[in-house]
Amino acid sequence: MVNVDLKGKAALVTGGASGIGEAAVRRLAAAGAVVAIADRDEAGARALADKVGGLALPGDVTEPDAMAMAVDIAEDSFGRLNIVLLNAGITSGQSGIENLDLAAYRRIMGVNVDHVVYGLNAAVPALRRAGGGNIIATASLAGLLPLPGDALYTLTKHAVVGYVRSAAPTLAPEGIRVNAICPGFADTPLLKHAKDQLGDFPLLTPEDVVDAIQAVLDRGEPGECWFVQPGREPGPYGFRGVPGPKGGVAPPLVDWENH
Numbered sequence: 001m002v003n004v005d006l007k008g009k010a011a012l013v014t015g016g017a018s019g020i021g022e023a024a025v026r027r028l029a030a031a032g033a034v035v036a037i038a039d040r041d042e043a044g045a046r047a048l049a050d051k052v053g054g055l056a057l058p059g060d061v062t063e064p065d066a067m068a069m070a071v072d073i074a075e076d077s078f079g080r081l082n083i084v085l086l087n088a089g090i091t092s093g094q095s096g097i098e099n100l101d102l103a104a105y106r107r108i109m110g111v112n113v114d115h116v117v118y119g120l121n122a123a124v125p126a127l128r129r130a131g132g133g134n135i136i137a138t139a140s141l142a143g144l145l146p147l148p149g150d151a152l153y154t155l156t157k158h159a160v161v162g163y164v165r166s167a168a169p170t171l172a173p174e175g176i177r178v179n180a181i182c183p184g185f186a187d188t189p190l191l192k193h194a195k196d197q198l199g200d201f202p203l204l205t206p207e208d209v210v211d212a213i214q215a216v217l218d219r220g221e222p223g224e225c226w227f228v229q230p231g232r233e234p235g236p237y238g239f240r241g242v243p244g245p246k247g248g249v250a251p252p253l254v255d256w257e258n259h
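Residue numbers are given in our numbering: position 253 of the sequence shown equals residue 253, and the series is strictly consecutive.
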């Protein structure tokens with residue numbers, strides 16, 4: 001585990017009341033940062049904020065004004081904003097191939113894609129005022145390879161990976177580093193309905209993912225998308241034959257379908 005000293009830093013975490021977000025809030029606070037927790041779960045966000053001496057920001061991250069307001073309140077309250085973890089995410093509960101539930105489709109696009117765009121757009125001016133900082137979006141291994149049976153989730157996470165890789169070179173000269181974390185299945189509330197179907201499929205803990213987030217804060221390069229898998233050291237994914245951060249050869253990743 002990488003120990004990063006974040007004394008004097010301020011962070012904003014979306015989806016911060018549970019799962020990976022909660023673990024990230026606790027770890028950032030333990031490293032010395034003051035943390036704002038944005039989440040639809042108002043009670044959960046406030047309870048966690050009380051425990052870590054942070055700030056609860058209840059709201060719907062799919063609303064552009066909500067993300068702008070969260071950034072503004074966090075910056076005003078802390079006097080600065082240095083780290084933004086765009087972590088909120090959901091699954092769609094449908095394949096997306098036939099019999100499309102339009103409302104569920106719009107919801108997953110709103111949370112998994114729109115919120116990342118709105119969040120980055122709102123965060124950049126604040127990070128500029130701070131002299132630079134970090135934006136990390138929680139994607140998924142499904143952003144690097146297809147997840148059979150969940151085409152819509154795969155769509156949203158591929159979009160996040162592409163957005164991060166495209167936005168990073170624009171912001172890097174200003175000292176704003178944009179990255180994505182791409183974990184495999186993690187034992188969080190998001191997975192509770194599918195957990196029984198996974199059998200002995202290896203699961204990450206939220207702390208495993210936060211270890212990778214800390215490593216990105218410590219030594220990540222602009223535009224890198226870090227894979228996180230059980231029993232492996234997390235690291236930047238090398239996209240085969242595609243220009244981008246680091247380049248290199250893509251490491252073998254878990255085969256969702258044939259595990």
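Even glycine gets a Cβ: it sits at the ideal position worked out from N, Cα and C.
Proximity winner among the options, relative to residue i (alpha-carbon distances)
i      : options                        : result
Arg26  : Val210, Ala215, Glu233, Glu63  : Val210
Asn134 : Asn179, Arg80, Pro183          : Asn179
Thr138 : Val164, Gly149, Pro146, Asp101 : Val164
Ser92  : Asp76, Thr154, Ser140, Gly21   : Thr154
Ser42  : Ala33, Pro58, Asn121           : First, the residue type needs correcting, since residue 42 is Glu and not Ser in the sequence shown. Nearest option by C-alpha distance: Pro58.
Glu174 : Ala151, Leu152, Arg128, Ile213 : Arg128
Phe239 : Leu141, Leu152, Pro230         : Leu141
Ile97  : Leu152, Asp114, Thr205         : Leu152
Gly110 : Leu120, Ile90, Val124          : Ile90
Lys7   : Ala17, Gly21, Ala31            : Ala31
Gly149 : Leu102, Ala172, Asn99, Gln94   : Gln94
Ile20  : Ala212, Arg219, Glu233, Gly235 : Ala212
Cβ-based neighbour list, residue i, same chain, cut-off 6 Å, excluding 5 preceding and 5 following
i      : result
Gly199 : For Gly199, the predicted structure reports a pLDDT of 43, less than 50, and the residue's modelled location is therefore unreliable. A value from the coordinates is still provided. Closer than 6 Å at Cβ, skipping near neighbours: no residue.
Pro64  : Tyr118
Ala23  : Pro206, Glu207, Val210
Ala295 : The structure shown has nothing for residue 295, since the chain only spans 1 to 259.
Ala122 : Met67, Ala68, Val71
Ala56  : Ile37, Ala45, Arg46, Ala49
Close Cβ partners of residue i (< 8 Å) along its chain, the five nearest in sequence each way excluded
i      : result
Ala29  : Val35, Val52, Gly53, Gly54
Val306 : Absent from the structure is residue 306, since the part of the chain shown begins at 1 and ends at 259.
His115 : Thr14, Val61, Thr62, Met67, Leu86, Ala88
Gln197 : Confidence is the limiting factor: at Gln197 the pLDDT is only 49, short of 50, which leaves the residue's position unreliable, though a coordinate-based value still follows. Same-chain partners within the cutoff: there are none.
Close Cβ partners of residue i (< 7 Å) along its chain, the five nearest in sequence each way excluded
i      : result
Asn3   : none
Gly131 : Gly175
Asp5   : Ala31, Gly32
Whole-angstrom C-beta distance between residue j and residue i, which should lie under 8 Å
i      : j      : result
Cys182 : Leu147 : Rounded, the Cβ-Cβ distance is 12 Å, inconsistent with contact.
Thr156 : Val113 : 5 Å
Val124 : Leu12  : Not a contact, Cβ separation roughly 13 Å.
Ala38  : Ala10  : With a Cβ gap of about 13 Å, Ala38 and Ala10 do not count as contacting.
Leu120 : Ala167 : 6 Å
Identity of the residues DSSP links to residue i by a beta bridge
i      : result
Leu85  : Val13, Ile136
Leu102 : Looking at the DSSP assignment, Leu102 forms no beta bridge with any residue, so it has no partner.
Arg177 : Asn134
Ala45  : Answer is none; Ala45 lacks a bridge partner.
Ala123 : For Ala123, which the question treats as bridged, DSSP gives no partner whatsoever.
- Message: Counting beta carbon pairs with one atom in the segment 216-234 and one in the segment 151-169, are three or more of them shorter than 8 Å?
- Response: yes
- Three CB pairs or more closer than 8 Å across the segment 104-123 and the segment 48-55: no
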